[in-house]
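Novice: Chains as they are written, first to last, in our numbering: chain A, 1 to 158; chain B, 1 to 496.
Glycine included, each C-beta is placed from N, C-alpha and C at the ideal position.
Values in this document were obtained by computation on a predicted structure and should not be read as measured data.
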Amino acid sequence: MTKNEISGLLAITISSIYIFATLRLPETAMGDNVGPKLFPLLAGCLAFLCGLILLIKDKKLDKSKKEIFHLGLREQKDLYVKIALTICLGIAYGFVLVPLGYVISTAIFMLCITRLINGKRWLENLLISLTFPVITYIVFAILLGLSLPRGLLSFLPF
Amino acid sequence: METIFHNLSIGLDAALTLTNITWVFIGGLMGTIIGMLPGLGPATGVAILIPISYGMNPTTALITMAAIYYGAMFGGSRASIMINTPGDASAIVSCFDGYPMTKNGEAGKALAISAIASFIGGIIGMIFLIFLTMPVANAALKFGPAEMFSLMIFALTATVTLSQGNMLKGFIAMAFGFMLSTIGIDPPTGILRFTFVPELQDSIDFLVAMIGLYAVAEVFKNYGNLETHYSIDSKTIGRVWVPWEDFKKTIKPILRSSPLGFLIGVLPGMGGTVATFVSYALEKTLSKNPEKFGKGAIEGLAAPEAANNASSCGAFVPLLTLGIPGSGTTAVMLGALMMLGVRPGPILFQMHPEIAWGVIASMIIGNIMLVLINLPLAVPLVQLLKIPQRIMLPLILGMAFMGTYFLNYSSFDFILVSVFALAGYLFWKLEIPIPPLVLALILGGTTEQSFRNAMTISGNDVMFFLEKPISLTLLLLAALSVAFSLYKQKRAAAKS
Chain A
1 MTKNEISGLL
11 AITISSIYIF
21 ATLRLPETAM
31 GDNVGPKLFP
41 LLAGCLAFLC
51 GLILLIKDKK
61 LDKSKKEIFH
71 LGLREQKDLY
81 VKIALTICLG
91 IAYGFVLVPL
101 GYVISTAIFM
111 LCITRLINGK
121 RWLENLLISL
131 TFPVITYIVF
141 AILLGLSLPR
151 GLLSFLPF
Chain B
1 METIFHNLSI
11 GLDAALTLTN
21 ITWVFIGGLM
31 GTIIGMLPGL
41 GPATGVAILI
51 PISYGMNPTT
61 ALITMAAIYY
71 GAMFGGSRAS
81 IMINTPGDAS
91 AIVSCFDGYP
101 MTKNGEAGKA
111 LAISAIASFI
121 GGIIGMIFLI
131 FLTMPVANAA
141 LKFGPAEMFS
151 LMIFALTATV
161 TLSQGNMLKG
171 FIAMAFGFML
181 STIGIDPPTG
191 ILRFTFVPEL
201 QDSIDFLVAM
211 IGLYAVAEVF
221 KNYGNLETHY
231 SIDSKTIGRV
241 WVPWEDFKKT
251 IKPILRSSPL
261 GFLIGVLPGM
271 GGTVATFVSY
281 ALEKTLSKNP
291 EKFGKGAIEG
301 LAAPEAANNA
311 SSCGAFVPLL
321 TLGIPGSGTT
331 AVMLGALMML
341 GVRPGPILFQ
351 MHPEIAWGVI
361 ASMIIGNIML
371 VLINLPLAVP
381 LVQLLKIPQR
391 IMLPLILGMA
401 FMGTYFLNYS
411 SFDFILVSVF
421 ALAGYLFWKL
431 EIPIPPLVLA
441 LILGGTTEQS
451 FRNAMTISGN
461 DVMFFLEKPI
471 SLTLLLLAAL
481 SVAFSLYKQK
491 RAAAKS
């Protein structure tokens, strides 16, 4: 499949789900007389139509002209593993932020991220993951007075 | 005329305090650094620096944001000149003659003229901005819901058709943006729409979307070239200064490019990218020795730099007076303003002239400050280009996630950011443009409300949009831009 065909399919799939969800919204006489359905319906149909045209246009092309699109999941396994791990780390970071506190959770997050991106240069990694949370905490929580969770370190006076 | 100076003095009064000037300096410096880093453009720079403005009073925050925005613009061309790697699309043209100048051993001259041309372009743009905002804001006050809806449609359509790439994909991105904007409580009826999880009830915070789509996705794109290393030899940069005879050559190009860039910047969808390409092409045509262009002609660097900064002033006309951003970077700026409780639009100039004019005044101060930062500090600043990606990217990620947390203090947003980052990466691979999505997400609420208000007023008559002259004109312009884009595609297809 070409980039256009995949984009077309993506648009058709997402808009179909969206239109289906729109049609199931309750009717209401309150508010205005247009209701909450019409605008989402128009947006959904726009995506659906554009996706369909994109798909049909590329289907008509000669096979020789088509540029087949590869995500390259196998060839660039390294890259995709990095992306997946970054996302997992980011989500996990969100969950431990409050219980552990900003400084500790950020230090752990940065240590994992630098290991992922910077490899085994441990000295650099440690330096970054210690200075980043401390400096940002000083700037945002102490100088700018924003509230950041202190978590395990809440016994400290600052 | 008098009111303009009166307003400007209100603005300057608000802007010129010691705290504000300190923040303009810090913001400008940080913006320059982030805008300069290869692969990270001004939109990313502004997106991850937003947290700095939290906890400030609105005026200071606005001024800091404007300084970051300008800094990122100034910084973008540093990477083009030194290492031939533009920070974003509007810095591409600066590579054409900027990098050859560096190879000819004129890096110092190139850095200096780019800062000076940007400064002059910015100041000229600012003068136009000062005189143009009031008339536009006053005209916009008369807009009813029908005109407002047609204006949004025109702005979004123009963004799709005027940007490069496949138009259908642009419209798909725009529709996706609208779809995302409908998530959450529907204000007129109170119905919950598409809230699959309770966290979505407050609708999607578009700054979360932008941090994901711009900052985090940008990091993913750079994962492919982690080991890239740029070497810069400080000894060959030379003195960061432009001799008079060289400067003389650039005066006319700068004075021509600035108004041109400004005009292009005002139009929705045509940001700095178009402005820089058009001004470069114009100067090459007008030049007596066009063969020097691309080989280190100083005019070829000065003109697009001036046009770029003038166009970023132009972009503030629709942003401040109508609340319509014209590009990814101005969209992030709009997000930052709205987060501070400032809703740009014609009413802002009536209700809070000190904020509206404070932004304009602060941009003047920012421009002056940035030329002061960029001339003497150019050599130490470009040393930062030596920092390898593998050190820079973790810091960007750290800033991005921290910024996300500050938005709503919610860990659910970390999931949203990740989803948007993945989507941004996939869209990039599929060549689906991101700006229409972001703009539609921001403008979706207003578009839907004005559509529904207009329909209610007219008793569900769609013809209402065609009966009002301004609304009709705007819709015709939108149709025209689609037709023109189709014609251009046909001609390009016929050629090949």
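1) In whole angstroms, what is the alpha-carbon distance linking B:Tyr487 and B:Leu370?
2) Check the Cβ of A:Leu54 against every Cβ in chain B and list those closer than 8 Å, keeping chain order.
3) At 4 residues or longer, what runs of the alpha helix (DSSP H) sit wholly inside the region 78-157 of chain A?
4) What is the residue span of the alpha helix (DSSP H) that A:Tyr18 lies within?
5) Of all the residues that make up the region 113-136 of chain A, which are near chain C by a beta-carbon distance shorter than 9 Å?
6) Nearest chain B C-beta to A:Leu61 closer than 8 Å, yes or no?
7) Residues in its own chain within less than 7 Å of B:Leu384 by CB, not counting five upstream and five downstream?
8) From A:Pro99 to A:Gly151, what does the alpha carbon distance come to, in whole angstroms?
9) Among all the DSSP beta bridges, which residues are the ones paired with B:Arg193?
10) Quick one: what does DSSP say A:Glu75 is sitting in, helix, strand or coil?
11) If we count the other Cβ atoms within 10 Å of its Cβ and call it buried at 16 or more, is B:Ala72 buried or exposed?
12) Quick check on B:Ala297: does DSSP put it in helix, strand or coil?
13) In this structure, does DSSP put B:Tyr230 in helix, strand or coil?
14) If you reduce the DSSP assignment to three classes, tell me which class B:Thr250 lands in.
15) Could you give the C-beta distance for A:Leu113 and B:Leu397, rounded to a whole number, given that I count them as a contact under 8 Å?
16) Does the region 148-164 of chain B come close enough to the region 328-348 of chain B to have 3 or more Cβ pairs within less than 8 Å?
17) On the CB-based measure, 16 or more other CB atoms within 10 Å of its CB, does B:Ile442 come out buried or exposed?
18) So which residues of chain B does A:Ile83 contact, with C-beta pairs closer than 8 Å?
19) I want to see whether chain A comes within less than 8 Å of B:Phe401, judged by CB atoms only; does it?
20) In this structure, how does DSSP classify B:Glu218 when only helix, strand and coil are distinguished?
21) With 16 other CB atoms within 10 Å as the buried threshold, where does B:Ile251 fall?
22) Can you pull the chain A neighbours of B:Val417, defined as C-beta to C-beta under 8 Å?
23) By how many angstroms is the C-alpha of A:Leu41 removed from the C-alpha of B:Gly28?
24) Work out the CA separation of B:Asp246 and B:Met30 for me, nearest whole Å.
25) Below 8 Å on the Cβ atoms is my contact criterion, and I expect B:Trp241 with B:Gly108 to pass it. Report the Cβ-Cβ distance as a whole number of Å.
26) Is the distance from the Cβ of A:Phe69 to the Cβ of A:Ile6 below 8 Å?
27) With a floor of 4 residues, list each alpha helix (DSSP H) that falls wholly inside the region 260-331 of chain B, ordered by position along the chain.
28) At what residues does the alpha helix (DSSP H) containing B:Trp23 begin and finish?
29) Is there a Cβ from chain A that is less than 8 Å from the Cβ of B:Phe414?
30) Indicate the three-state DSSP secondary structure (helix, strand or coil) for B:Met399 in the structure shown.
31) Whole alpha helix (DSSP H) runs in the region 43-122 of chain B with 4 or more residues, listed along the chain?
32) Within 8 Å of any Cβ in chain B, is that where the Cβ of A:Leu95 sits?
33) Taking only the alpha-carbon atoms, compute the straight-line gap between B:Ala281 and B:Ile254 and give it to the nearest angstrom.
34) Using a Cβ cut-off of 9 Å, pull out every chain B residue sitting near A:Ser7, in sequence order please.
35) Name the residue from B:Ile127, B:Val136, B:Met65, B:Met333 whose alpha carbon lies nearest to the alpha carbon of B:Thr321.
36) Indicate whether the contact test is met: 3 or more Cβ pairs, each with one atom in the region 426-442 of chain B and one in the region 164-174 of chain B, closer than 8 Å.
Specialist: According to the structure data:
1) 42 Å
2) Asn166, Leu168, Lys169, Ile172
3) 102-118, 122-136
4) 3-23
5) Any reference to chain C falls outside this structure, whose protein chains are A and B.
6) no
7) Ile33, Met36
8) 5 Å
9) B:Gly184
10) coil
11) buried
12) coil
13) coil
14) helix
15) According to the sequence provided, residue 113 of chain A is Ile. The question's Leu does not apply to it. Contact flag correct, Cβ pair sits at about 6 Å.
16) no
17) buried
18) Phe220, Tyr223, Leu422, Tyr425
19) yes
20) helix
21) exposed
22) Gly90
23) 44 Å
24) 30 Å
25) 7 Å
26) yes
27) 272-286, 298-314, 316-322
28) 18-36
29) yes
30) helix
31) 58-83, 92-103
32) Note that residue 95 of chain A is Phe in the sequence shown, not Leu. Cβ-Cβ to chain B under 8 Å: yes for A:Phe95.
33) 14 Å
34) Asn166, Leu168, Lys169, Ile172, Phe427, Leu430, Glu431, Ile432
35) B:Val136
36) yes
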